[in-house]
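Chains A and B supply the protein sequences, listed in that same order.
Heads up, the first sequence stops at 156 in this note's numbering, and the numbers go up one at a time, no gaps.
Heads up, the second sequence stops at 872 in this note's numbering, and the numbers go up one at a time, no gaps.
By construction, the Cβ of each residue, glycine as well, lies at the ideal position given by its N, Cα and C atoms.
Bear in mind the structure is a predicted one, so any value in this text is a computation, not a measurement.
Working notes, structure below.
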Amino acid sequence: MIIFTLISFSPGIIVFGEDNKGKIGIGLNYPGFSVRYFKSDRTAWEAKLQTETNILVVGARLNKYSNLRSNNKIQIIKGLEVDLVSFKGDTAEGYGMAAEVFLGGEYSISNKLSLQLDFGPALVFLMDRDYKDVKANSLEFVLNLGINWYLRGK
Amino acid sequence: MKKILLNKYNTVAVLSVAFLVYCGLSFAGFNLGMTGAVKNTIKILETNKRNQSNLNIKGNFTGTGSSSVRKSDAVGTIKKIAVITYNWFRVENINSTDFSIPIMTNEIGKPVGLVFIDDQDKVAGCLQIVASSTDTLNLLPLTKVKDGVTQIDLQLISFSTDTYGNIAVPEYDPVGADKEIPFSQDEKILAAKITKVLGSILKDPDINNNGIVDFIENRFFKIGFRYGLNVGQLPAGGTDGTYSATIDPVVTLNGFRIDCKIFPDYVNNSLPITFPATYTWTHGSYTGHENSDSLTQNFDGPGEGTVPPVDGEYIVDANSIGCGTLTFNVVGQQDAVDSILILAPTFHISGGKLQKISWVWKAYNNLAGDPIDGSAFVDNLAIQISGETSTSYNSYGGVPPDVGYHNWAGTTISGSDTEHVIGVNNLDWAADCHGILFRYDDKFGNRVNVSFRK
Numbered sequence: 003m004i005i006f007t008l009i010s011f012s013p014g015i016i017v018f019g020e021d022n023k024g025k026i027g028i029g030l031n032y033p034g035f036s037v038r039y040f041k042s043d044r045t046a047w048e049a050k051l052q053t054e055t056n057i058l059v060v061g062a063r064l065n066k067y068s069n070l071r072s073n074n075k076i077q078i079i080k081g082l083e084v085d086l087v088s089f090k091g092d093t094a095e096g097y098g099m100a101a102e103v104f105l106g107g108e109y110s111i112s113n114k115l116s117l118q119l120d121f122g123p124a125l126v127f128l129m130d131r132d133y134k135d136v137k138a139n140s141l142e143f144v145l146n147l148g149i150n151w152y153l154r155g156k
Numbered sequence: 419m420k421k422i423l424l425n426k427y428n429t430v431a432v433l434s435v436a437f438l439v440y441c442g443l444s445f446a447g448f449n450l451g452m453t454g455a456v457k458n459t460i461k462i463l464e465t466n467k468r469n470q471s472n473l474n475i476k477g478n479f480t481g482t483g484s485s486s487v488r489k490s491d492a493v494g495t496i497k498k499i500a501v502i503t504y505n506w507f508r509v510e511n512i513n514s515t516d517f518s519i520p521i522m523t524n525e526i527g528k529p530v531g532l533v534f535i536d537d538q539d540k541v542a543g544c545l546q547i548v549a550s551s552t553d554t555l556n557l558l559p560l561t562k563v564k565d566g567v568t569q570i571d572l573q574l575i576s577f578s579t580d581t582y583g584n585i586a587v588p589e590y591d592p593v594g595a596d597k598e599i600p601f602s603q604d605e606k607i608l609a610a611k612i613t614k615v616l617g618s619i620l621k622d623p624d625i626n627n628n629g630i631v632d633f634i635e636n637r638f639f640k641i642g643f644r645y646g647l648n649v650g651q652l653p654a655g656g657t658d659g660t661y662s663a664t665i666d667p668v669v670t671l672n673g674f675r676i677d678c679k680i681f682p683d684y685v686n687n688s689l690p691i692t693f694p695a696t697y698t699w700t701h702g703s704y705t706g707h708e709n710s711d712s713l714t715q716n717f718d719g720p721g722e723g724t725v726p727p728v729d730g731e732y733i734v735d736a737n738s739i740g741c742g743t744l745t746f747n748v749v750g751q752q753d754a755v756d757s758i759l760i761l762a763p764t765f766h767i768s769g770g771k772l773q774k775i776s777w778v779w780k781a782y783n784n785l786a787g788d789p790i791d792g793s794a795f796v797d798n799l800a801i802q803i804s805g806e807t808s809t810s811y812n813s814y815g816g817v818p819p820d821v822g823y824h825n826w827a828g829t830t831i832s833g834s835d836t837e838h839v840i841g842v843n844n845l846d847w848a849a850d851c852h853g854i855l856f857r858y859d860d861k862f863g864n865r866v867n868v869s870f871r872k
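Dropping the structure here:
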């Protein structure tokens with residue numbers, strides 16, 4: 003709520019779209035963080051790490067931006083995420099992969115701060131470390147919420 | 419001013435919409451972050467694992483008032499259980515006062531040990547059930563499980579110590595003639611005696627003496643002994659008939675080898691082994707390993723020795739592979755030797771040719787007792803017959819140079835088999851059968867060579 007209140011009343015003056023190339027952003031998401039780099043004005047590569055008790059997810063994202071005509075402070079993001087996973091459960095320990103297609107938006111709160119929300123289907127594949135024939139595939143729906151802080155604009 | 423206010427309203431509106439979308443999607447079952455999706459998939463994987471297992475071993479620690487009592491002088495919460503067979507191990511995490519361990523396909527048919535590990539990564543106890551007034555069993559012999567049994571409930575586990583280490587005693591003993599693991603009392607005692615060496619490792623599994631349970635370090639240091647025995651004489655036989663071998667009242671030891679393995683790696687290493695000082699008889703100080711045998715890591719022992727190994731500390735220098743000095747405190751060695759299973763064979767001869775060999779399994783220390791159920795103890799058996807100067811026949815056939823001069827395609831013999839039909843029809847009892855070697859691997863990780871000579 004504190005974060006919500008702060009960002010609600012901060013002036014939103016960043017404008018997405020035409021001058022993103024070279025921009026670097028650090029993101030805090032639940033439950034992890036990421037670093038993104040704008041390869042072009044509308045394409046950003048992102049390295050991300052998420053961790054919870056006995057779960058580690060490390061991956062990469064390709065974010066494609068496009069403007070919302072009615073509001074230049076909001077950009078639509080669509081993209082692809084690929085992750086490597088390691089885990090330790092109650093009766094299984096192992097590793098795996100995940101891939102997600104997502105759609106969402108990023109809203110600029112100030113010239114350096116933005117809020118991001120995206121969601122989409124993810125395919126998760128896990129394998130037991132000791133028993134290679136024990137596997138699981140699952141189609142899950144993932145919701146990501148995060149705050150991005152841009153170190154520099156162009 | 420008006421613009422700033424509009425900006426504020428826009429921000430509030432967008433954030434409110436985002437917040438509502440977030441709540442709505444969360445409520446609709448979306449996972450928060452990829453870790454949430456992974457968490458769900460772990461549950462599916464663990465269900466799959468459980469479903470792939472036909473047997474679960476369960477129990478609880480609730481009777482102790484906390485998660486568990488490690489032993490009288492310390493209290494700890496049980497956090498892990500190491501599941502051990504003679505050739506593999508794994509560590510399961512547990513998060514409550516109840517546990518349920520799926521026994522996997524490759525563990526069914528083997529003895530399974532459970533080592534309970536506390537939140538300080540110390541051994542709380544190794545599962546132990548009483549076999550007799552002098553013998554305890556530290557591995558559940560899942561070599562024989564009653565049909566239809568899908569769960570064994572050990573009930574309340576209590577922790578204490580004995581002379582050799584920390585033990586975990588279940589309220590319910592599942593090993594017994596009318597129980598889930600239907601061993602007769604004789605078989606139960608036999609299993610207890612021949613697993614004492616491994617049991618002593620499980621009670622104090624810090625073989626590299628670094629204060630950390632070996633299994634937590636992803637290591638399982640194991641030592642075992644392989645015996646060669648001269649058991650008795652082949653019958654003189656005749657042209658036609660059935661003739662039984664004579665078993666000597668005192669079995670002679672041909673020799674033995676120490677077999678040290680380090681799991682999960684280092685299958686073929688050559689590590690020096692030092693015998694206890696009390697073993698004063700001749701033995702090789704170091705004889706290397708057999709690369710041809712994937713089950714073999716290190717061997718040491720008297721090639722022609724007739725004195726069995728003794729209890730005491732066997733020290734393996736594993737510094738060359740970064741595992742330090744391994745100290746195995748071997749106990750119950752005499753029990754293991756006395757309880758070796760041997761075959762009592764009968765030879766079926768027709769027209770002077772050996773047609774078939776049949777047998778029953780006996781405990782060496784109880785030859786007059788009932789036959790032992792080979793399927794519960796013996797994994798595989800090979801028969802090698804010698805002529806006067808060379809091998810005349812192998813049950814497994816083989817490829818040169820490991821073939822008999824009466825060669826054939828060969829077959830496998832399991833512990834449940836009680837006869838072998840000779841694969842060739844010209845194996846002459848008088849000329850081709852001067853000695854017979856039965857070599858078996860038992861289901862407890864031991865290899866034994868049993869020889870008969872004419």
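Exercise. Taking just the CA atoms, how far does leucine 105/A sit from isoleucine 76/A?
Worked result: 13 Å
Problem set entry | Cutoff 6 Å; reference leucine 147/A; Cβ partners in own chain excluding five residues on either side | Tyr32, Leu119
For this session: Identify whether valine 456/B lies in helix, strand or coil by the three-state DSSP scheme.
Result: helix
Exercise. Can you name the residues that DSSP bridges to proline 123/A?
Worked result: Phe143/A
Exercise. So what does DSSP say about arginine 468/B, is it helix, strand or coil?
Worked result: helix
Exercise. Mapping DSSP to helix, strand and coil, what is threonine 561/B?
Worked result: coil
For this session: Check whether the Cβ atoms of aspartate 658/B and serine 768/B sit closer than 8 Å, and answer yes or no.
Result: yes
Exercise. To which residues of the same chain is isoleucine 599/B closer than 8 Å at the C-beta, ignoring the five residues directly before and after it?
Worked result: Leu558, Pro559, Leu560, Lys562, Val563, Lys564, Ile570, Pro592, Val593
Exercise. Shorter than 8 Å from the beta carbon of asparagine 65/A to some beta carbon of chain B?
Worked result: no
Exercise. Enumerated in chain order, which unbroken segments of the beta strand (DSSP E) with a length of 3 residues or greater are wholly contained in the segment 579-608 of chain B?
Worked result: 583-588
Exercise. Exposed or buried, alanine 849/B, counting other C-beta atoms within 10 Å across all chains shown (16 or more means buried)?
Worked result: exposed
For this session: Return helix, strand or coil for leucine 689/B, following the three-state DSSP convention.
Result: coil
For this session: Anything in the segment 79-91 of chain A with a Cβ closer than 7 Å to a Cβ of chain B? List those residues in chain order, please.
Result: Asp85, Val87, Phe89, Lys90, Gly91
Problem set entry | Same chain, Cβ closer than 7 Å to valine 84/A, five either side skipped, listed in chain order | Gly61, Ala62, Ala101
Problem set entry | Length at least 3, wholly inside the segment 53-87 of chain A: the beta strand (DSSP E) runs in chain order | 57-70
Exercise. Are the C-beta atoms of glutamine 77/A and some chain B residue less than 8 Å apart?
Worked result: no
Exercise. Is any beta-carbon of chain B found at less than 8 Å from that of valine 157/A?
Worked result: Only positions 3 to 156 of chain A appear in the structure, and residue 157/A is not among them; the question remains open.
Exercise. Any C-beta of chain A sitting closer than 8 Å to the C-beta of glutamine 573/B?
Worked result: no
Exercise. Which parts of the segment 832-871 of chain B are runs of the alpha helix (DSSP H), unbroken and 4 residues or longer, counting only runs that do not cross its ends?
Worked result: 847-850
Exercise. Rounded C-beta distance between threonine 407/B and lysine 528/B? I'm assuming under 8 Å.
Worked result: Because chain B in this structure spans residues 419 to 872, residue 407/B falls outside the shown range and cannot be described.
Exercise. Are three or more beta carbon pairs between the segment 615-635 of chain B and the segment 656-674 of chain B nearer than 8 Å?
Worked result: no
For this session: Identify whether alanine 957/B lies in helix, strand or coil by the three-state DSSP scheme.
Result: Missing from the structure shown is residue 957/B; chain B here goes from 419 to 872 and no further.
Exercise. What do you get for threonine 93/A, buried or exposed, if any count of 16 or more other CB atoms within 10 angstroms of its CB means buried?
Worked result: buried
Exercise. Which stretch, first to last residue, makes up the alpha helix (DSSP H) that contains valine 887/B?
Worked result: Because chain B is modelled from 419 through 872, residue 887/B falls outside the range shown and cannot be assessed.
Exercise. If you run the structure through DSSP and keep just helix, strand and coil, what is leucine 652/B?
Worked result: coil
For this session: Measuring alpha carbon to alpha carbon, tell me which of Phe517/B, Ser576/B, Ser551/B ends up nearest cysteine 544/B.
Result: Ser576/B
Exercise. Given that alanine 455/B touches chain A, what residues does it touch there, using C-beta distances under 7 Å?
Worked result: Ala100, Ala124, Val126, Glu142, Val144
Problem set entry | At least three beta-carbon pairs within less than 8 Å, the segment 517-524 of chain B to the segment 815-826 of chain B | no
Problem set entry | For phenylalanine 479/B, the first and last residue of its enclosing alpha helix (DSSP H) | Unbroken run through phenylalanine 479/B: none, as it is neither H nor E.
For this session: Sort Ser602/B, Gln546/B, Thr613/B, Phe437/B by Cα distance to glycine 583/B and report the nearest one.
Result: Gln546/B
Problem set entry | Contact list for asparagine 176/A against chain B, beta-carbon separation under 8 Å | Because residue 176/A is not part of the residues shown, which for chain A are 3 to 156, the question remains open.
Exercise. If we ignore side chains and look at the alpha-carbon of each, how far apart do glutamine 651/B and serine 662/B end up?
Worked result: 9 Å
For this session: Taking C-beta pairs closer than 8 Å, name the residues in chain A that asparagine 458/B reaches, listed in chain order.
Result: Val126, Ser140, Glu142
For this session: Using beta-carbon positions only, say whether leucine 555/B and isoleucine 790/B come within less than 8 Å of one another.
Result: no
For this session: Use the C-beta contact count for asparagine 469/B: other C-beta atoms within 10 angstroms, 16 or more gives buried, fewer gives exposed.
Result: exposed
For this session: Mind listing the chain B neighbours of isoleucine 57/A? Cutoff is C-beta to C-beta under 7 Å, in chain order.
Result: Thr453, Val456, Lys457
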